[in-house]
Structure formats: C-alpha cells, structure tokens
Amino acid sequence: MKRSLSLLTFAGAAVGAPAMAADLNVTVEIPRLSVAEYHKPYVAIWIENPDATAAGTLAVWYDPDSKEDHGTKWLKDMRQWWRKAGREMKFPADGVSGATRAPGPQKMVFSGAKGALKNLKPGQYTLVVEAAREVGGHEAVRVPFTWDKPGKPATARGSAELGAVTVSVK
Amino acid sequence: MTLKTRLFAVAAAGLALALPLSASAHRAWMVPSFTVLSGDASWVTVDAAISNELFYPDHRAMRLDGVSALAPDGSTQKLQNTATGQYRSVFDVQLNQAGTWKIFSASHTVQASWTENGEIKRFRGSPEDFAKQVPAGAADLKTIRGSNRNETFVTRDKPSTDVFKPTGMGLELVPVTHPTDIVATEPATFRFLLDGKPAADLDVTLVPGGARWRATPGDIKVKTGPDGAVKFTLPDAGLYWLNASVRSGETGRGGMAAPGAAPAPVTALAGNGFSASYTAVIEAQRP
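Top to bottom, those sequences are chains A and B.
The C-terminal position of the first sequence is numbered 254 in the numbering used here, with every residue numbered one higher than the one before it.
The C-terminal position of the second sequence is numbered 290 in the numbering used here, with every residue numbered one higher than the one before it.
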C-alpha cells in the first residue's frame, strides 16, 4: 500500500512537470501569386500574449544573403513583429531565422524543449504569422492556441499574402 | 525679464494664446523617408520645406544652416548630400548608430531696447549675446524673447530616449508614447514643457498630410492638462504635422531698419513679449 502511494505521487509529479515534450505544429500556406514581379515574402512567426505583447519569436524568414544590408533592411516591414519583438533581437538569430520560403504549404514543428516555447507558461496564446512582400502587400494572420495541452488543430486564413495557417499542440 | 514674470505673462495672456499665431498658413516641416528602420546600413533622406499644403513643397525651401541631426549618443552628426531647390531642401542622414535620432532646428532670439545716456539702444540676437552685450539693470529695459523648434524623429532598431532630454528653453516635447511608436487608432500621449516646466493648457494641433486628396483639412485639436500631458488618437496611418505655440505681450514686429535702408530713428520696444513654438512631423503606423 505504502509503495503504491509513492508510485502515484511520482506519476503525478511527472505529469505536472513543465515542457512535457509538447510541440507546436504549424503549417503556413504561402500563396502562389500571379504578379509581374514576385519575391518570396519575409515572414515572422511569433507568439502573442493575451495583452498583445510578444511572448517569443519562433521563426523569421528573410534574406540573410542579400547584398543590401544582409536582408536586415526590410525586417521592419513585418512591422507588428518588429515593434513588439524583432527590434530587440540580433540577426541572424540562431535557431529562429532562415531563408525565405517558396509558395506552397510550409510545415514546421517547434519543439517545446527549445527556444521561445521552452519557458512558455501553460495558458492561452495567439500564434501570429506576419508576411511582408517586396513590391507586394502585408498581412498578419492570428490563430489562438492553448499551451501546453495537446488539442485539435485550429486554422485561420489570410486573404492576400497568406493562405491557411494551421496550429496544433501535439 | 525673469522666468517667473515671463511665465506670469504667459498665464495672463489667455486671450493672446487663443489667437492663431500667424495669419499665413505657411508651415515648416521636415519629412524623413522613414521613421522606423532596421539594419546597420540604414540611411534616411529628408525633405525640408515651408508650404501651405502638407506635405507638398509649394512655397519655399527650408534653409538648412540651422538644421542638425542629433544621434542617439548625443553627438551631432553631419547632414549629407544637402541641396536646396526652389521649393524644397533635401539632405541625407546616415544612421550609423542604433536608437532614436532627432533631426531638428532650434532658434532662440532676444530683442531688447533700453536707454543709455538718454539714447535709445536696441539689440537683437541670441540669449548668450544678450547677456554679454546688454548691461545688467539697463534703464527702461524691454525684451521680446522668441523660441522656435522644428523636429522629426527617426529610429533605427531599438528606440532610445536620450535625444528627448529637455534643454529647458522654449517649448519641448517629452515622450510618454515614443514618437516613432505611434500606431493609428491606438491612444498616444506626449508631454510638453515650456522652459523646462509642464506646459499646461497648451493647444496642440495635429494636421494629417495628404491634404491634396482630401476635401477637409482634418485638423485634430487637443489641449494639455496641468502636467503638460496630452492624450490623442490618430485615426489613420500617415504623416502628421504637430504644432503648438504660446505668445504673450508684444510681437516686436517692425521697429528696426532693414540693413542698407535709410537710417530710421531708433525706437524703443512697445513692451515686453514672449513667444515659443514647437513643430514636429510624426508618423502614425498602420496597426
């Protein structure tokens, strides 16, 4: 009896421990646009607190190989992210920044053991995907999610610069 | 005139304060190509003009000899590639430091008249020269002091606030909301100081740019509280021309002969006077 109680206690502690290897699965659809001059968009993927402040940046797709200021010149065009988070960061940002991506669905898995998710407290958040395209438009798509319980995927759709954005905690 | 009496004069001249400063609609402005920039190779190019419509150069170019760029660390940086055309001046500023830059002109002038050995004397110049050239305790001393500021702000990477350190002269803006962090439809707050003290009951006007494509000017008029602070919400993204001014007593217009003109009899100033104006161009970003 005594032994089984201590086993239960142990199990309880393990369930309550933070960052139980939950991951955030995100799919961002970059629309294929038929325009005269197409450039792949700059995209920032970040987490917003309920008070609309930033809780961390998951990914930034830009052009670090650009001759023009290594691409940092246009980071400010993702202006919500830039105001709330980006301008506090250094680029390139290890584990966060990468090259722009081609049209089509872009699937990503952000590990709960790393980066912005590592110390994210359980609770309600919004995932924001913000895209800015050279000689094109700007759009931000928001998808709510609950960290760090596995849940059903949630989807929101952009109207111009972004297609469907799907978020699920697994 | 002491600071105390000057402030009293300002307070006493409520009617004068309510009057528009200038009969003409000429507005001086400096418009930077961007107010928010990223990356260490950033430059801004700035247009500077005095115009009727905002922000179209339709009257005359702003002279650049009084314009400076104050870097985030407090140093003054050179304006580059300056040019002055018929209607507009242009210059570049290389943002070689991260933080907030102030591009500005500030002028402070004193006119004075006094009596020396039965003769009326006149002075016009800087407050420093006034202190040197006009004898302390001069008989019949009358002064008209004026202060003008024209500013705009540019932030590269993370904003900073060192360039907002008040000088204590004339009207100055102190951020509560950072001027390069203003977002359309979100409330923002600025504080104003007059000679380093809260500028209470100050009328502040914000005029949106793009006047050519709008039927009405769309001016936004607000007033500071006792602490000199004023809260406002800019309805649309874009550039705004912000202006506030105070005036009391004599304006001191006329009275001095133009250089080269036939010598006119020197006359005393009609009385004391004081004026200060503040102008800035700010941007409201899209939400």
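Just so you know, even glycine gets a beta-carbon here, dropped at the ideal spot from N, CA and C.
Please read these numbers as outputs of a predicted model, since none were measured by experiment.
Less than 6 Å between C-beta atoms, sequence neighbours within five positions excluded: which residues of the same chain meet that for residue i?
i	result
residue 124 of chain B	117
residue 229 of chain B	203
residue 188 of chain B	290
residue 60 of chain B	52, 54, 90, 91
residue 63 of chain B	53
residue 244 of chain A	221, 223
residue 237 of chain A	250, 252
residue 179 of chain A	199
residue 112 of chain A	190, 213, 249
residue 225 of chain B	207, 233, 235
residue 204 of chain A	231
residue 110 of chain A	192, 251
residue 112 of chain B	149
What separation, rounded to the nearest whole angstrom, lies between the Cα atoms of residue i and residue j?
i	j	result
residue 195 of chain A	residue 232 of chain A	11 Å
residue 280 of chain B	residue 170 of chain B	15 Å
residue 159 of chain B	residue 116 of chain A	33 Å
residue 39 of chain B	residue 183 of chain B	7 Å
residue 231 of chain B	residue 195 of chain B	5 Å
residue 235 of chain A	residue 161 of chain A	33 Å
residue 132 of chain A	residue 253 of chain A	16 Å
residue 171 of chain A	residue 216 of chain A	16 Å
residue 93 of chain A	residue 206 of chain A	Its pLDDT being 44, under 50, residue 93 of chain A is placed unreliably by the model, and the measurement read from it follows with that caveat. One C-alpha to the other measures close to 21 Å.
residue 134 of chain A	residue 202 of chain A	19 Å
residue 251 of chain A	residue 229 of chain A	7 Å
residue 80 of chain B	residue 168 of chain B	17 Å
residue 136 of chain B	residue 172 of chain B	20 Å
residue 146 of chain A	residue 288 of chain B	22 Å
residue 159 of chain A	residue 214 of chain B	30 Å
residue 241 of chain A	residue 227 of chain A	9 Å
residue 148 of chain A	residue 241 of chain B	30 Å
residue 162 of chain B	residue 120 of chain B	57 Å
residue 286 of chain B	residue 74 of chain B	19 Å
residue 192 of chain B	residue 141 of chain A	28 Å
residue 133 of chain B	residue 166 of chain B	27 Å
residue 37 of chain B	residue 47 of chain B	6 Å
residue 155 of chain A	residue 184 of chain A	11 Å
residue 209 of chain B	residue 164 of chain B	22 Å
residue 114 of chain B	residue 181 of chain B	35 Å
residue 49 of chain B	residue 86 of chain B	11 Å
residue 107 of chain B	residue 121 of chain A	38 Å
residue 176 of chain A	residue 246 of chain A	24 Å
Given a threshold of 16 other Cβ atoms within 10 Å of its Cβ, counted over all protein chains shown, does residue i qualify as buried or as exposed?
i	result
residue 179 of chain B	exposed
residue 131 of chain B	exposed
residue 118 of chain A	exposed
residue 148 of chain B	buried
residue 239 of chain A	exposed
residue 104 of chain B	buried
residue 66 of chain B	exposed
residue 3 of chain B	This structure cannot speak to residue 3 of chain B, because chain B is shown only from 4 to 290.
residue 150 of chain A	exposed
residue 212 of chain B	buried
residue 255 of chain B	buried
residue 217 of chain B	exposed
residue 84 of chain B	exposed
residue 77 of chain B	exposed
residue 110 of chain B	exposed
residue 42 of chain B	buried
residue 125 of chain A	buried
residue 25 of chain B	The pLDDT assigned to residue 25 of chain B is 43, lower than 50, so where the model puts this residue is not dependable; a value taken from the coordinates is nonetheless given after this. So residue 25 of chain B counts as exposed.
Identify, in the order they occur along the chain, each residue of the same chain with its Cβ nearer than 7 Å to the Cβ of residue i, setting aside the five sequence neighbours on each side.
i	result
residue 168 of chain A	137, 138
residue 88 of chain B	64
residue 128 of chain A	141, 144, 162, 165, 170, 214
residue 69 of chain B	108, 110
DSSP has residue i in a bridge; who is on the other side?
i	result
residue 241 of chain B	B:287
residue 210 of chain A	A:132, A:228
residue 70 of chain B	B:108
residue 78 of chain B	According to DSSP, residue 78 of chain B bridges with nothing at all.
residue 206 of chain B	B:226
residue 50 of chain B	B:34, B:93
residue 155 of chain B	B:106, B:284
Report whether the distance from the Cβ of residue i to the nearest heavy atom of the ligand PLP is below 8 Å.
i	result
residue 228 of chain A	Inclusion of the ligand PLP in the displayed structure is not the case, the ligand content being empty and no account of it being possible.
Under 8 Å Cβ to Cβ from residue i, same chain only, skipping five residues before and after it: list those, please.
i	result
residue 174 of chain B	150, 152, 195, 196, 197, 202, 205, 247, 248, 249, 279, 280, 281
residue 138 of chain B	117, 119
Decide yes or no for the touch test of the region 32-40 of chain B against the region 153-167 of chain B: beta carbon pairs closer than 8 Å, at least 3 of them. Segments in contact, yes.
Between the region 242-255 of chain B and the region 134-144 of chain B, are three or more C-beta pairs nearer than 8 Å? no
Stretch-stretch touch, CB-based, cutoff 8 Å, three pairs: the region 214-233 of chain B with the region 266-275 of chain B: Flag = no, the region 214-233 of chain B and the region 266-275 of chain B do not touch.
Taking beta-carbon pairs under 7 Å, can you tell me which members of the region 147-166 of chain A lie near chain C? Absent from the structure is chain C; the protein chains it does hold are A and B.
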